[in-house]
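Worksheet: the structure to be examined is printed underneath.
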Amino acid sequence: MTDCPGEYVLAIETSCDETAVSICDADGVILVSKVASQIELHAPYGGVVPELASRNHSADLKPLISATLEEAGLDWRDISVIAATSGPGLASSLLIGDTTAKAIAAALACPFYSINHMEGHLLSPFIGAGVEIPPHIALIVSGGHTLLVEVEAVGHYRILGSTKDDAAGEAFDKVGKMLDLPYPGGPQISERAEEGNPTAFDFPRSMLDSGDHEFSFSGLKTSVRYLIEKQLKPLSDKTLNDICASFQAAVVDVLIGKLRHAARENNSGIIAVSGGVSCNESLRERCRELAENEGLTLMLATPGYSTDNAAMIAFAAAARRAAGITGSSLNRDINPNLQLGETG
Ligand code: KG4
Ligand code: ZN
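Below you can see the structure in the form of structure tokens.
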């Protein structure tokens, strides 16, 4: 297919429990972004059930693609690039989106971009700001990853640090489970934290002063468990809210401290924050404060593009294309353990 300036990218994301489809133009402007959430389906199990996820991706994907095209006012002849998430994620979920996208790309004879889900998150704060990605420091905080990354340009990423154990979102979800809050714990904890006292309990800020870019959240999780064990049951609403606020403050302190450290070591003057946990209002507020105090430009993913979505996959494909990076072979397999920096 030609590199016509009016080309549209159709992207599919099915790495975990959200079925998502999006269309953007060559400049990364999102026309439509649709997400069919399976949260309610998995909630009774307290986590994602892989087979349930893939069966529902399979049922939901085709109607979601049709609805996305219709809402964009486009038909297949307008689509000139296809993209899909190829990892990391659940193999049986990834396969649904990847195989569907490859079949469409083969039928339309147009380029296929296999996109790393983490690259999608990484670039998502720039949606709306164009596909020219400036050098910056990125913090990705999702359910599966906590990463500090030095971004030189699209496709040129150096991981500065990651978590040694739980990801930040995973810690939110596990603490939510300990507190018998509905799944996923992150949004529940952040809601309760607004009513609680963040200094009520003194939880550890693990590795805050370690001088490197690594994270660890399992010690914090254990401290919360010990504290819950010592409390009278059932927990009062006040205690519950105070635990949520104090736990959230510990996570946010560490994320902000580590981001500050990385930004001071880098002279780009730009920080970008993405991933599901970046929906957290306290984290967002502290990011704004950090940027103001340090004289940094802050790029913050909008909440709709923070949790899993296909707009970030479409945008990453458009950014790759704009950077002159060619598409992927249709023979390329999915990779549930794909690392950032590896292409899909
Ligand atoms: O990026 P994402 O949608 O999926 C992954 O790629 O993992 O992130 C999901 C994670 C979950 O752990 C969820 O609890 C967390 O993001 N999350 C939050 C909030 N909203 C979602 N964590 C804290 N505060 C929130 N408001
Ligand atoms: Zn994600």
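So the mapping is simple: the numbering used here equals the position in the sequence shown, first residue as 1, plus 302. C-beta atoms are modelled at their ideal positions from N, C-alpha and C, and glycine is treated no differently.
Quick one, are the C-beta atoms of Ala328 and Val456 less than 8 Å apart?
no
Report the partner residues of Ala431 according to the DSSP bridge assignment.
DSSP output for Ala431 lists no bridge partner at all.
Rank Ala393, Pro352, Ser382 by C-alpha distance to the C-alpha of Asn637 and give the top, closest one.
Ala393
Which whole-angstrom value is the C-beta distance of Val443 and Ala470, which I expect to be below 8 Å?
4 Å
Residues in its own chain within less than 7 Å of Leu585 by CB, not counting five upstream and five downstream?
Val554, Leu557, Val579
Whole-angstrom C-beta distance between Ala547 and Pro489, which should lie under 8 Å
About 15 Å separates the two Cβ atoms, so there is no contact after all.
Nearest residue (CA-CA) to Leu424, options Pro413, Cys412, Pro437:
Pro437
Between the beta-carbon of Ala552 and the beta-carbon of Pro506, is there less than 8 Å?
yes
Which residue from Leu410, Ser388, Glu372 puts its Cα closest to that of Asp400?
Ser388
Looking only at its own chain, which residues have a Cβ that is under 6 Å from the Cβ of Glu644, when we skip the five neighbours before and after it?
none
Proximity to Gly597 [Cα-Cα], best of Ile384, Asp504, Ile572, Leu376:
Ile572
Fully enclosed by the region 434-492, which alpha helix (DSSP H) runs are 4 residues long or longer?
470-480
Report, in whole angstroms, the separation of the C-beta atoms of Phe414 and Ser576, which I expect to be a contact under 8 Å.
Going by Cβ atoms, the distance from Phe414 to Ser576 rounds to 24 Å, so no, they are not a contact pair.
Do Lys618 and Gly391 have their C-beta atoms closer together than 8 Å?
The sequence as given places Ala at residue 618; Lys does not occur at that position. No. Outside cutoff.
For the candidate residues Asn358, Ile439, Gly330, Asp362, whose alpha-carbon lies nearest to that of Gly433?
One detail in the question is off: residue 433 reads as Val in this sequence, not Gly. Comparing Cα-Cα distances from Val433 to each of Asn358, Ile439, Gly330, Asp362, the minimum goes to Gly330.
When you get a sec, list the residues whose CB is within less than 5 Å of any heavy atom of the ligand ZN, chain order please.
Ser444, Asp610
C-alpha gap between Glu320 and Trp378, whole angstroms:
23 Å
So who's on the other strand from Ile381, going by DSSP bridges?
Tyr310
What residues in its chain sit with their C-beta under 7 Å from that of Ala408, if we drop five residues either side in the sequence?
Leu632
Express the C-alpha separation of Ala603 and Glu372 in angstroms, rounding to a whole number.
26 Å
DSSP has Phe517 in a bridge; who is on the other side?
Thr465
Suppose you measure from the CA of Asn639 to the CA of Ile530; what does that come to, to the nearest Å?
34 Å
Between the C-alpha atoms of Thr465 and Gly445, what's the straight-line distance to the nearest angstrom?
12 Å
For Ile558, the three-state DSSP class (helix, strand or coil)
helix
Determine the closest residue to Lys535 out of Asp380, Leu481, Ala345, Thr599, with distance taken between C-alpha atoms.
Leu481
Member of Gly606, Arg527, Ser324 whose CA lies at the smallest distance from the CA of Gly375:
Ser324
Let me know if Tyr347 comes out buried or exposed under the rule of 16 or more other beta-carbons within 10 Å of its beta-carbon.
exposed
At a cut-off of 7 Å, would you count Pro486 as near the ligand KG4, judging by its Cβ distance to the nearest heavy atom?
yes
Any heavy atom of the ligand KG4 within a distance shorter than 7 Å of the CB on Phe474?
yes
Nearest-angstrom Cα distance between Tyr459 and Gln641?
11 Å
Indicate whether Asp544 and Phe503 have their beta-carbon atoms separated by less than 8 Å.
yes
How should Asp610 be labelled, buried or exposed, when 16 other C-beta atoms within 10 angstroms of its C-beta is the threshold for buried?
buried
Compute the distance between the beta-carbons of Arg623 and Val337, then report whether it is under 8 Å.
no
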